[in-house]
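Engineer: One structure, pasted below without further comment.
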Amino acid sequence: MQNNPLASTLEKSSSRRSFLGALGLTALAIPALAACGNSSTATFAQPATKVPAGFAGRRNVVIWSSWGGDNGKMFADLIKKFNESQTAIYAEVQQFDGYDGVGEKLTAGLRAKQVPDLAVLSDIHWNRYFLSDALEPLNKYHDSSFGPSVYTENFYKEGTVRDESYWVPFARSTPLFYYNRDLFASVGLPDRAPGTWDEFRSWGKEVTGVKFKGNTMKMRALTGADDWYFSGLLWAFGGAISNGLDVRLDSAESLAAVDFERQLVHEDKSMYLAQSFVNDFSNGQCATVTQSTGGLTSVTKAAKFEVGTGFMPKGPAGTGTPTGGGGLSVLRQISDERKADAVEVLRFLANDEISSQWTVGTGYLPVTKGATSSKLVTDLMDKNPNYQVAVDQLQIASGPDDVRRYVTSAISELKQMVQKNYTSNVKPEELVKPVAAKLRAEADKIRATYEEKVA
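If you want it as C-alpha cells, here you go:
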C-alpha cells in the first residue's frame, strides 16, 4: 500500500470531494486516506461483539451481512463452521436490512470511524466505496487457496479494478425467467420460457384473463425495485444506462425498451406492479416473474405448482442478462491484524465444499471453479435442471453499466423511473429525459476521479 500523507491528501481534486460528498463520506476522506499509510497506528474501531463463552479469548472478526431469512440462516451456519474449524478467530455476523441497509450502516460507520472487518456489498455498492479508498486491495493476500486461480473468472474480474481485487464473489446471480409450468400447460403454451420479448408479449395476451385455480391471471408480476432487471431489457433493445460514464438512458434504443414495458402494462394489461411479486408467483396468482437465481431454492420450496425456468428473452439486439448479487470486501481503515483475520474468513468461504453448500442451500451460482463441477452441485443440477439453467446463462451475462455502479443517485433515480413507467401511462421521453439529465450531471461530478482510478 502506498503512503498517503496528510499533505498529499489535502491536494486531492475537487471532483473527488464532490464524489465523497454525494456518498456522504466527506467527513471521513482525510482519516481514511491517512490510515492507509500506517494502518497499525491510525485505524478505525471494531463494532462491539457478543462472544459466546466457548470462543472467549480469540481475535474477533465482525461481518456486516445483508441476508435475512433462509439465506441469512445459511450464511450464519457457514460462519459457525468457520468458527469451529480453528481456534484463533471468532467471526460474528451482524445482519442489516439488505444491501442498502449494509451500505447505510457502513457509510455511518466510516463517518464515526467504527467499521466491520468484512462487509457484504452488492455488485453496485462496492465500487463507490472503492472510489473513496475505503476498501482494502487484496492481491497481496492471494495464494493457491484464495485468488484468481480459485474463483470463476468472470465473477472474479467483476471485483477487480486495473487487475487489483477489492471485492470477492460469493452470492452471485443472474435474473432467470420463472414460469408456472402447470398454467402454461393448461393454456397450451410450450413448456419453456419465451425465446423473445415479442413472443413473451404474444403469450401474455393468451394468459391474461385466464382463470387458474381460482385466480384471474396476468402474465407477469413486477417489482418496484426493478432497476436490475430493467437494465437487462435496455441491453436487449440495444440501449443501456451508460457507456462508461456517458449516459445512454435517453437513446432511441433505450426509449424503445421503456415504451415496450409501458405497452405491456397499460395497453396489453398483461403485467402489473405487485406488493410482493415473488409471493404472487409462488401462490399461483400470476404466470411468470423475473427473479434472481438466488431465489431459486426458496421459490421452488414455496410454489404450489411445478416451476420452470429459462434464459431471459431476447430483444432486437439479442439477450440482455445482467449479473448481480453480492460479494465481500475487507475494510481498508482497520489494522493489519484485523485484515489478515478477515482474509482467513474469505479463504474459508472460497473453499469448494463451502461454496458448494452455499449454492445448494440458496440457489446462488457457484463462484469457485471447483464448486461448479463438485458432486454436490452437479447432483443438484441432475435432480433439478433449473439450477443448470442458471449456470448455463452465466456464459452470456454481463456486469452493470458504470453509471449504475459509480453514480450514487443512479439506483434511486432508476427505480423511481421504472415504477412511474409501471404506474403512470406517460410518454417515454417525458419520463426518461429528466432522469438522464440528472445522471449526466452526477456523472460529471465524479468523472475526474473515475478516469484517474478506473477508466
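Under mature numbering (1 follows the signal peptide of the UniProt record, and there is no 0), residues -34 to -1, 1 to 421 are what the sequence shown spells out, in order. Think of the CB as a built atom: it goes at the ideal place given N, C-alpha and C, for glycine as much as any other residue.
(1) Have a look at Asp164, Tyr144, Val311, Gly23 and flag the residue whose alpha-carbon is nearest the alpha-carbon of Leu188.
(2) Cα separation between Lys280 and Leu215?
(3) Run the CB neighbour count on residue 428, radius 10 Å, all protein chains shown included, and call it buried at 16 or more, exposed below.
(4) Over what stretch of residues does the alpha helix (DSSP H) that includes Val176 continue unbroken?
(5) Does the Cβ-Cβ distance between Leu199 and Ile207 come in under 8 Å?
(6) Taking contact to mean 3 or more Cβ pairs, one atom from each stretch, closer than 8 Å, check whether the region 342 to 350 and the region 96 to 112 are in contact.
(7) Regarding Ala403 and the ligand FAD, is the C-beta to nearest heavy atom distance less than 7 Å?
(8) Can you say whether Gln241 is buried or exposed, counting buried as having 16 or more other CB atoms within 10 angstroms of its CB?
(9) Once you ignore the five residues that flank Phe166 on each side, which residues in its own chain have a CB closer than 6 Å to its CB?
(10) Do you know how far the Cα of Gly35 is from the Cα of Asn49?
(11) Give the list of continuous beta strand (DSSP E) stretches no shorter than 3 residues that lie fully inside the region 11 to 88.
(12) Tell me whether Gln257 sits in a helix, a strand or coil according to DSSP, three-state version.
(13) Using a Cβ-Cβ cutoff of less than 7 Å, which residues in the same chain neighbour Asn387 once the five nearest sequence positions on both sides are dropped?
(14) Under the three-state reduction of DSSP, which class applies to Pro112: helix, strand or coil?
(15) Per DSSP, which residues does Ser301 bridge with? Please list them.
(16) Sort Ala74, Gly75, Val27, Tyr56 by Cα distance to Leu84 and report the nearest one.
(17) Within 10 Å of its beta-carbon, does Gly205 have 16 or more other beta-carbons around it, so buried, or fewer, so exposed?
(18) How far does the beta strand (DSSP E) with Leu239 in it reach, from first residue to last?
(19) Report yes if the C-beta distance between Leu211 and Tyr56 is below 8 Å; otherwise report no.
Structural biologist: Considering the structure as presented:
(1) Tyr144
(2) 19 Å
(3) The requested residue 428 does not occur in the structure, where the chain is confined to residues -34 to 421.
(4) Note, Val176: premise wrong, no alpha helix (DSSP H); not H, not E.
(5) no
(6) no
(7) Absence of the ligand FAD is noted for the structure shown, with no ligands found whatsoever.
(8) exposed
(9) Pro160, Pro279
(10) 21 Å
(11) 25 to 31, 55 to 61, 84 to 88
(12) strand
(13) Val224, Glu227, Arg228, Leu397
(14) According to the sequence shown, residue 112 is Phe rather than Pro. Strand.
(15) None, per the DSSP bridge assignment.
(16) Val27
(17) buried
(18) 237 to 239
(19) no
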